[in-house]
Amino acid sequence: MQAKLAVGLAAATLLYGVTAFAIGASGASVSDPAITVVSTSATASQPASGQQAPGVTTGTAATSALPSETGFAFGVQTHFSQGWSPAWLDLTTPLATKSVRDTVNWASVERTAGVYDFSGTPVQTLATFCGRGGALTLTITPKNALYDGGRMVSSAAGRTAYANYIAALLTRFGSCVVAIEVGNEVNSAGALDYPAGVDKFRAYVDMLRVLYARVKPANPQVAILGGSTNVIGTGFLTSLFAIGMLDVIDGVAVHPYRPDAEGIDFEIANLNAAMSRYGTPKPIWATEFSFGYADTRRASAGLVKSVVELYAAGVRHASWYALVEQTHFPYMGLFTGSLIKPQGRAYRNVIDSLLPYGQPVRVDTGDQPFNLYRIGADRWVVWGLRGTISFTGGVVRDMYGVALPAGPVKIGSEPLIVSGATGYTITASQVVADTMLQYGSGSWSYWRRDKANVDTRLGVFDTDFASHFGDRWSKPLRINNTTAAPAGDGANPIRAVIRYTAPRAMQVELSACFSKANTGDGVDYRITRNGVTVASGIVVDTATVNGVKFGLEIGDKVDLVFGPNQTYGSDSFFYRATLSNRGQGTTVVCPTA
38 MQAKLAVGLA
48 AATLLYGVTA
58 FAIGASGASV
68 SDPAITVVST
78 SATASQPASG
88 QQAPGVTTGT
98 AATSALPSET
108 GFAFGVQTHF
118 SQGWSPAWLD
128 LTTPLATKSV
138 RDTVNWASVE
148 RTAGVYDFSG
158 TPVQTLATFC
168 GRGGALTLTI
178 TPKNALYDGG
188 RMVSSAAGRT
198 AYANYIAALL
208 TRFGSCVVAI
218 EVGNEVNSAG
228 ALDYPAGVDK
238 FRAYVDMLRV
248 LYARVKPANP
258 QVAILGGSTN
268 VIGTGFLTSL
278 FAIGMLDVID
288 GVAVHPYRPD
298 AEGIDFEIAN
308 LNAAMSRYGT
318 PKPIWATEFS
328 FGYADTRRAS
338 AGLVKSVVEL
348 YAAGVRHASW
358 YALVEQTHFP
368 YMGLFTGSLI
378 KPQGRAYRNV
388 IDSLLPYGQP
398 VRVDTGDQPF
408 NLYRIGADRW
418 VVWGLRGTIS
428 FTGGVVRDMY
438 GVALPAGPVK
448 IGSEPLIVSG
458 ATGYTITASQ
468 VVADTMLQYG
478 SGSWSYWRRD
488 KANVDTRLGV
498 FDTDFASHFG
508 DRWSKPLRIN
518 NTTAAPAGDG
528 ANPIRAVIRY
538 TAPRAMQVEL
548 SACFSKANTG
558 DGVDYRITRN
568 GVTVASGIVV
578 DTATVNGVKF
588 GLEIGDKVDL
598 VFGPNQTYGS
608 DSFFYRATLS
618 NRGQGTTVVC
628 PTA
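Here the sequence shown stands for residues 38 to 630, numbered as in our numbering.
Okay, structure coming up:
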């Protein structure tokens, strides 16, 4: 766990959707990542000319294909190695978790070369968890003052010593260890602290190669995890894939911290696409993720939605950070002391109500701003924006497992979990388009505009920490689903353009909110319909746009255009915009980190 609170907007620059081609960090074209969407026997009323009419979509369990495989291990991060009370191990029982991520620091065990002392309370606490039938993912940083000056091992002797330590560790814990995560957030500054002149990517992969050859023959059941990136870091990981890391690992570890859960499936698909360019993709392990919000309902919703999207995207192992609230990382624990938090109740509900029933499969609801998943024979999860849904039979519960009254329920940002239902009926949302929920899909596209007003379409651009719509020629311009930034200055602006192309004729009402830190001279914005301005201004701290009404014909374009105002810098901002049926618009709440 690095300083997550310092990530701020950097964490918000994650990839939340993937469409069209992509430009990777290497500048190569990237084919579309694939997302599994299951079509239902859906019917929808067609809108009258010039107006989006309320529609009804129906589906049944019989028309949604079952997933081909199941099984998701949802664990928690503990820090017994950092002096946590052993009594806190008992907090895993009310959560019903069978998986813990922790470490057994190499330097604490091998204090004399070749001699391993596994005594001590932290090791015994983890062994107790093993004795209760638990499984361990151990994150082991390859640093020991006995080798290579205490830096990441880079010599043959240092690599061999690290591999020997891991072998001894696996002997100590036996089959309880399911994975070794090699390093922690190695894309962070100073993490790969090899001596000057050492190729950090090659040195890391060479170490993995020695480790894999040493421990896998005797421990085939243990997954060797490479990467371990803060957030997703597809650009960083691609540099490792390019020199053979996929050949010497069993999985890729990522820490998908993000402002909200939406779009994490697209991000995982982008990483899988990157792997496929260099070999056979390896399983992705989300060994840390969390939401550090004082708003416990928002954090709980993020927990449930993230697990659903990760599982649907093919991830089979994830760990919530952390079991217990910590001073330096507030709001992220499932417990405060021995008191379970709402996030802890949501965690237990996921363990009981979702994971035993199979892999979620995304159900196609057309261009509606909904996320609907089918799980097994008769379970569903749904969230989205301003719609209603009725289920045929079954019980609808909130994210904590509390049953809701029978009948139609409103679809909102908090996930609903349904059991025992054989089908559903959705009434169309009053929202036609939404920049966050539909990011990177359907009618949305992303562009940069130069000072001559020439637009260039953007693909997905991968960096060491983030993936966003952008390219190497317009940095720091970027666009993701909740934050963006232009580039240049008033004399030579490079504007970020978020474009909606109308798929049909309709009468709409636009609402938007933009916000940024009150630094710099602000970001200028202009909203246009087919090039004609309908709203404009400068975002210094917060700006809102409400009730802008206009008609659209098929192919018409609505552009949200953002520039640097006059001076360069401090131009990162949050945004969200919606198009609703005319007369049905509501105020949009600005996203926050």
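Just so you know, even glycine gets a beta-carbon here, dropped at the ideal spot from N, CA and C.
### Task
Check whether the Cβ atoms of histidine 292 and glutamate 325 sit closer than 8 Å, and answer yes or no.
yes
### Query
Mind checking whether arginine 536 and aspartate 596 have CB atoms under 8 Å apart?
yes
### Message
For glutamate 362, tell me which candidate among Ile203, Ser375, Ser356 and Arg353 has the shortest Cα-Cα distance.
### Response
Ser375
### Query
Leaving out the 5 sequence neighbours to the left and right, which residues in its chain are closer than 6 Å to alanine 200 when beta-carbon positions are compared?
Val247, Leu248 and Arg251
### Task
Give me the Cα-Cα distance between isoleucine 301 and glycine 112, rounded to the nearest whole angstrom.
18 Å
### Exposed unless 16 or more other CB atoms sit within 10 angstroms - verdict on asparagine 567
exposed
### Query
What are the boundary residues of the beta strand (DSSP E) that valine 291 is part of?
288 to 292
### Task
With DSSP collapsed to three states, give me the class of tyrosine 537.
strand
### Query
What's the call for threonine 629, buried or exposed, on a 16-neighbour Cβ count within 10 Å?
exposed
#### Entry: DSSP three-state assignment for asparagine 517, whether helix, strand or coil
coil
### Task
Taking only the alpha-carbon atoms, compute the straight-line gap between leucine 163 and leucine 173 and give it to the nearest angstrom.
8 Å
### Query
With tyrosine 330 and leucine 283 assumed to form a contact (beta carbons below 8 Å), what rounded beta-carbon distance in angstroms separates them?
About 35 Å; that fails the 8 Å criterion.
### Query
If you draw a straight line from the C-alpha of valine 405 to the C-alpha of glutamate 346, how long is it?
Reading off the sequence, residue 405 comes out as glutamine, not valine. Glutamine 405 and glutamate 346: Cα-Cα distance of roughly 18 Å.
### Task
Could you tell me the boundaries of the beta strand (DSSP E) in which leucine 474 lies?
Counting along the chain, leucine 474 falls outside any beta strand (DSSP E), and DSSP gives it neither H nor E.
### Message
Could you check whether glycine 430 and glycine 457 sit closer than 8 Å to each other, using their CB atoms as the reference points?
### Response
yes
### Task
Taking only the alpha-carbon atoms, compute the straight-line gap between isoleucine 261 and isoleucine 217 and give it to the nearest angstrom.
5 Å
### Cross-strand partners of proline 397 (DSSP beta bridge)
Ile412
#### Entry: Those runs of the beta strand (DSSP E) which lie wholly inside the region 333 to 396 and span at least 3 residues
354 to 357
### Query
Skipping 5 residues on each side, what residues in its chain have a beta carbon closer than 6 Å to that of proline 601?
Pro523, Gly525, Asp526, Pro530 and Asp608
### Query
Relative to the alpha-carbon of alanine 503, which residue among Val432, Arg295 and Asp287 has its alpha-carbon at the smallest distance?
Arg295
### Query
Ends of the alpha helix (DSSP H) at tyrosine 202?
193 to 210
#### Entry: Own chain, CB closer than 6 Å to valine 344, minus 5 neighbours either side, in chain order
Val387
### Message
Considering just the uninterrupted stretch of the beta strand (DSSP E) at glycine 234, what are its terminal residues?
### Response
That residue, glycine 234, is in no beta strand (DSSP E); it is neither H nor E in DSSP.
### Message
For glycine 622, count the other beta carbons within 10 Å of its own beta carbon; 16 or more makes it buried, fewer makes it exposed. Which is it?
### Response
buried
#### Entry: Backbone secondary structure at serine 552 - three-state DSSP
strand
### Query
What are the start and end residues of each continuous beta strand (DSSP E) run of 3 or more residues lying completely inside the region 273 to 324, in chain order?
288 to 292
### Task
Using the DSSP secondary-structure output, state which residues sit across from arginine 486 in a beta bridge.
Asp492 and Arg532
### Query
Buried or exposed: which applies to tryptophan 322, given that a residue is buried once 16 or more other Cβ atoms fall within 10 Å of its Cβ?
buried
#### Entry: Among Ala489, Arg515, Gly370 and Arg423, the one whose alpha carbon lies nearest that of alanine 528
Ala489
### Query
Would you report the Cα separation of lysine 378 and leucine 371, rounded to the nearest angstrom?
5 Å
### Message
Tell me which residue opens and which closes the beta strand (DSSP E) that alanine 144 is part of.
### Response
Per DSSP, alanine 144 belongs to no beta strand (DSSP E); it is in the alpha helix (DSSP H), 143 to 146.
### Task
Kindly indicate which residue of Met244, Ile286, Thr425 and Val242 has the alpha-carbon position closest to the one of valine 259.
Ile286
### Message
Using only CA atoms, which one of Phe109, His354 and Lys586 lies nearest to threonine 570?
### Response
Lys586
### Message
If the criterion is Cβ atoms closer than 8 Å, does the pair glutamine 119 and serine 356 meet it?
### Response
no
### Task
Note down the Cα distance separating serine 617 from serine 480, rounded to an integer number of angstroms.
15 Å
### Message
Spatial neighbours of lysine 447 within its chain, please: C-beta separation below 7 Å, excluding the five flanking residues on both sides.
### Response
Thr425
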